[in-house]
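Heads up, the thing below is written out as structure tokens.
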Amino acid sequence: MNTPIRHHGVRHRLADRLFHWGMAVSVIVLGATAFLPIVGFRFDWVPLHWISGVALTLLVLFHLFRVFFVHGVRGMVPGPDDIREIAQAARGIGPEALAEAKYDAFQKGFHLAAATTILVLLVTGLLMLAKIDTTFWRRDPSILSDYSWGIIYVIHGAASLVLLFLFTLHVYFALLPEHRSFLVAMIGGQGPEKARKGKS
Amino acid sequence: MELLRHTQDAFGQRMLVGVNWDILWLPVAAAAVVIVLHLVVRALRRAD
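One line per chain: the protein sequences are A and B, in this order. Position one of the first sequence corresponds to residue 1 (the working numbering), numbered consecutively onward. Position one of the second sequence corresponds to residue 1001 (the working numbering), numbered consecutively onward.
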């Protein structure tokens, strides 16, 4: 694992910000093309949906490269101090006695939930590409049985509902005044280097 | 309330086709509940 390069006062570097906002656009397009037809807006949603899904897959691969070869995995993996931080927050106690960290327990928890959900959506969505004709390939639904396709659709649909829940909460927490510095950092890069300001 | 959608295949057998989209409101409602709870706890903590 590489040691992250330190830039004083910079919370998110340009490549990571571009990934975040690229992912945001992809997820919004995917959500709109998935849910708008369900609530009554009729349009040819399939091409936009699968192209956005492929774009999101490429973005996630780029992010995984950055995670494994630039940032390292450890900063986002929940540890004992994160459990303590949640327990203390539930009792109204601050994290001052805990080790400082770039991401606090709640940010790590959200990231874990969102990453898992998006990976499930991408794997099931990529399988579903076998059911549509494109310029690049012909449809071949025979790769799975009808029963297996039903399971794939259920997992994809359930994960999309979980992501709708997570997305709504993410927007709410990002817009809170006390989290403004994190939102600003995701736009311009400059921001608090540590979300959990415990003992150094 | 059915959580899943089924249809019948050419042989009349019940076939799973996905999540029942009638529950689309559920994640939005769940998120709204979390947001309201958070706003209440936040307001109470600030009042202390």
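Cβ atoms here follow ideal geometry from the backbone N, Cα and C, with glycine treated the same way. No experiment lies behind these values; they were computed from the predicted model shown.
Asked                                                                                                                     : Found
Span separating the alpha-carbon of Ala174/A from that of Ala1047/B                                                       : 22 Å
Straight-line Cα distance separating Ala195/A from Ile1035/B                                                              : 21 Å
First through last residue of the beta strand (DSSP E) which encompasses Val1019/B                                        : 1014 to 1019
Under 9 Å from the C-beta of Phe165/A: neighbouring residues of chain B                                                   : Leu1026, Pro1027, Val1028, Ala1030, Ala1031, Val1034
Chain-ordered neighbours of Gly1012/B on chain A, where CB pairs are closer than 8 Å                                      : Simply none; closest approach about 13 Å.
Alpha carbon of Ala1031/B to alpha carbon of Leu166/A, nearest angstrom                                                   : 8 Å
Helix, strand or coil at His20/A [DSSP, three-state]                                                                      : helix
Paired residues, beta bridge with Lys199/A - DSSP                                                                         : Ala99/A
Under 8 Å between C-beta atoms of Asp146/A and Arg139/A                                                                   : no
Nearest-angstrom Cα separation, counted from Ala32/A out to Val1040/B                                                     : 31 Å
Reduced DSSP secondary structure (H/G/I, E/B, other) of Val1028/B                                                         : helix
Residues of its chain near Ala105/A, where Cβ-Cβ distance is below 6 Å and the 5 sequence neighbours each way are ignored : Asp82, Glu85, Ile86
Proximal chain B residues relative to Phe35/A, where beta-carbon distance stays under 8 Å                                 : Leu1024
Sequence-distant residues of its chain with Cβ nearer than 7 Å to His49/A (five each side left out)                       : Leu30, Thr33, Ala34
Under 8 Å between C-beta atoms of His170/A and Phe110/A                                                                   : yes
CB of Leu98/A within 8 Å of CB of Gly198/A, strictly                                                                      : yes
Through-space distance from Phe1011/B to Leu112/A, alpha-carbon basis                                                     : 43 Å
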